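Here the sequence shown stands for residues 216 to 1051, where the numbers follow our numbering.
The beta carbon of each residue, even a glycine, is placed where N, CA and C say it ideally should be.
These numbers were taken from a predicted model, which means no experiment stands behind them.
For reference, the structure discussed in these notes is given below.
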Amino acid sequence: MSHEQTTHGTAEKYDFAAIQEKWLPVWDELKPFAVDDASDTRPRKYVLDMFPYPSGDLHMGHAEAFGFGDIVARYWRQRGFNVLHPIGWDSFGLPAENAAIKRGIDPRGWTYSNIAQQKASFRIYAPSFDWSRELHTSDPEYYRWNQWLFLKLYEKGLAYRQESPVNWCPNDQTVLANEQVVDGHCERCGAAVTKRNLTQWYFRITDYADRLVDDLGQLEEQWPARVLSMQRNWVGRSAGADVEFRIEGRDEPVTVYTTRPDTLHGVTFMVVAPDSALAAELAAGSTAEVCTSFEAYLEKTRAESDIDRLSTEREKTGVFLDRYAVHPLTGDRLPIWAADYVLADYGHGAIMAVPAHDQRDLDFARTFDLPVRIVVQPEASDATDLDPAVTGEALVGDGHLINSGEYDGLTKAEAIDHVTEKLEDSGVGRAAKNYRLRDWLISRQRYWGTPIPIIHCSECGEVPVPEDQLPVELPSAEGLDLKPKGTSPLGAADDWVNVACPRCGGPAKRDSDTMDTFVDSSWYYLRYLSANDDTRAFDVSEVEKWAPVDQYVGGVEHAILHLLYSRFITKVLFDLGFVTFTEPFTSLLNQGQVILNGAAMSKSKGNLVEFAGELRDYGADALRVTLAFAGPPEDDIDWADVSPAGSSKFLARAWRIAHDVSSDAGIDTASGDVALRRQVHRFWADAPGLVESYKFNVLIARLMELVNVTRKTIDSGGGAADPAVREAGEAIALALNVVAPYTAEDMWSMLGHEPTVANVPWRDADPSLLVQEEVTAVVQVNGKVRGRLQVDPAIAPDELERRAREDVNVLRAIGAKEITNVIVRAPKIVSIATAK
């Protein structure tokens, strides 16, 4: 492309549409962001955005998230790094399948048409993506490696199939992982979730529970504190003891986990989860009347969500099983109840109830008139005044033990150690840890997902599909009923599901479930490194060069599900020797939501701001500036409070500077206006820190200041020919590239340079121009400004006070009054107080 094609001859007026049309084909031709690092010696940076789901065109949330990620990627490229910034689509999943069912079409057509639409919008929005690495998780070339990953976990004993109670969405007719149930409802469709006993595939994430907590230490100060807290809380690691309770009429004792072994003498009854195998066994060994009551209660419990069951607000219910446990230390008989506030998958599905010191146990005891025994006396209090049986409030704090035999007088902490030791010595307990985390349920009874690479043979059992037979491709949806019905539609694809066993050659069937789409996104950051390699999931040598991801950008709504699963898979790959790190994302930036008038945008609410419309009306650069300038990235942006029109005016003022510059490129700027040059170099000194601390709004504010000062210099002083004006114009173009690439490129061209500005390094500040020769010190007398002094920035406080006292205007204000106090904040202010 010739120089003449890209420089002057530009329109007199800022026209974002014309500028976009001008530079898009140039960038398409130059491909400035494609990474080919075979001979590139620059240090590397891997910047990654959480990839989008193709549910239609891009929306304002995409505009914000990808705008922020692009600021970071463009910045590091201009700071001299070889930056990898890839893009792809998380294209499997229920929304596409449900949309296809509603329209009577193949999910493939719906999915890939949406991808094409989003890709076209991305092209106009102009993030600095390396399009040569584009991926779609619904391509066989991608999900082949999902299946490979599954087989690796299966070989390691980390993928298994078993029957257990699972979360069931009656609307989507599929199981859900615990993380996909929000306030008792399906996160996808909002239907109330119930429980079912089903045989499902799991990944053994609980084997990594300790590492998922401990390795968070690597991410301190790099991830938002609330995300680290959410990860820790979800794993829910606690320390305590396993205590064995003998059950009358049962050979095997029941193990109960407790975090409070110090309260063991306060146990007055036992509670078991009604949907546990233990509850069914105990009820079966009781009377016919108990069995009938229990079955009715169990049916009611299965219709409740875990969230509801654990709520402290609801009335406690339960069934007495007419069975008794024996206290391991005292020998007391303890009645056993089935109650829904205990979950089958917590601990061992049974708890020792200590109503004096646990609120839910207390609420249950008060409902059914069960004993309440205080065993931890709060310090400096009268137990009779705090009797939970009377007050209804459990004593959950620290104190010393009472009513606990040999442990009386011990502190809570001392008693935990002593009681645990006694349990171990007596052979009825031991120190233990427990976790809230449950194994990751990955199988789904739906069509649009990765087929699970297992074949079921009546002779050989579960048989993994040989790796050389991957991918197991989805059959065509033609002729299949995709409507949710509780079993996978793939089971009806006879030609696909019926196969020969790879081991014995006999008749067998493919597993008809598909994988949870969080499997797809758990490792995609590695696939980008070898996106076009059909021989392996990823090249280990490329991983060694680029990974882990230096900067990850996405919504906080993924703070548990996606991040937890990706961290788990990374640790598995580390153990298998495929990667040399244990955390996938070094630094994390979470953006807030884009809302309207205080509420989340929604089509059903009629308060949707369409991305396409804003892009058409204001252009990509104005949208990007608006979103970055609105506030800190983690805060919500209310579109009612921002002004893309104002952003467009700012860009026009910046663009006009480049249009007006009349000095030649390469001119020596040393002779330019000193005040303007100081402003430029203060900007270069501060800008890197602003970007690296995600203060994008402050960066834009500083650019606005620089534009205003430059404009004033053009309109006065040396005018457009001043070399400092060129220096400022080039600085504005270079820095503006990170947030408004079209305007920056056009400015760079008008300033006489070849494209593309995105690859031109930011400039270093001249230290000599950062030294302030003088600053203005304000002198106040009784709170009113009475004088201004031009002083050295390094002036000593006593010298500043002396000069303030000698100032003629200050002397006039003080007059004959007595000075009662002087406060000096060198070099900025002197505050003098006088007697009234």
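Closest by CA to residue i, which one among the options?
i     : options                     : result
F337  : R742, K317, Q362 and A280   : A280
K760  : L744, V680 and Q684         : L744
D523  : F365, I420 and V408         : V408
F844  : F793, Y909 and D790         : Y909
P763  : I234, K260, P240 and A232   : K260
Y375  : D477, F898 and F365         : F365
E436  : F509, Q362, I1029 and E907  : E907
V428  : V450, V590 and V442         : V450
P468  : A955, R1027 and G642        : G642
P848  : N805, A890 and A880         : N805
Q1005 : E496, E989, Q362 and N997   : E989
Y622  : E594, L544, Q574 and E349   : L544
K864  : W854, L431 and L838         : L838
A939  : K1043, P982, G881 and I1044 : G881
R917  : G998, V895, R441 and Y472   : V895
Quick check on residue i: does DSSP put it in helix, strand or coil?
i     : result
Q388  : coil
F535  : strand
A456  : strand
Y650  : coil
S520  : coil
A598  : Residue placement at A598 is poorly supported in this model, since its pLDDT is 47, which falls under 50; the coordinates still yield a value, given next. A598 falls in the helix class under three-state DSSP.
D422  : helix
R1052 : With the chain covering 216 to 1051 only, the question about residue 1052 has no answer from this structure.
N822  : coil
F865  : helix
Q766  : strand
T502  : coil
Q377  : strand
Q235  : helix
F296  : coil
G620  : helix
K410  : strand
K367  : helix
F793  : coil
G644  : strand
Y417  : strand
W899  : helix
S217  : Since pLDDT at S217 reaches only 39, below the 50 mark, its modelled position is unreliable, and no value is offered.
R1040 : strand
P982  : helix
Below 8 Å between beta carbons: does that hold for residue i and residue j?
i     : j     : result
G706  : V714  : no
D961  : W870  : yes
A950  : A902  : yes
E677  : I669  : yes
Q235  : G834  : yes
W663  : Y780  : no
A1011 : A1048 : no
C506  : A498  : yes
D305  : T729  : no
I589  : L610  : yes
R289  : S328  : no
S353  : T389  : no
G620  : E674  : no
V840  : S862  : yes
T665  : Q293  : no
V824  : L966  : no
T971  : L245  : yes
Go to residue i, then tell me how far its alpha helix (DSSP H) extends in each direction, as first and last residue.
i    : result
K760 : V755 to W761
I631 : K627 to S641
F800 : Unbroken run through F800 is the beta strand (DSSP E), F800 to Q806; no alpha helix (DSSP H).
Specify, as a first and last residue, the run of the beta strand (DSSP E) that residue i falls within.
i     : result
W552  : R548 to A553
Y472  : V469 to T473
R1005 : Residue identity differs from the one stated: residue 1005 is Gln in this sequence, not Arg. Its beta strand (DSSP E) spans residues K999 to V1006.
F484  : F484 to V487
Y261  : R259 to D264
Those runs of the alpha helix (DSSP H) which lie wholly inside the region 564 to 595 and span at least 4 residues: If we require 4 residues or more, the alpha helix (DSSP H) runs fully inside the region 564 to 595 come out as 574 to 583.
Output the residue ranges of the alpha helix (DSSP H) runs that lie fully inside the region 268 to 293 and measure 4 residues or longer, sorted by chain position. List check, alpha helix (DSSP H) in window: 275 to 293.
Contained alpha helix (DSSP H) runs [length at least 4] in the region 711 to 756, N- to C-terminal order: Listed in chain order, the complete alpha helix (DSSP H) runs (minimum 4 residues) inside the region 711 to 756 are 732 to 736 and 739 to 742.
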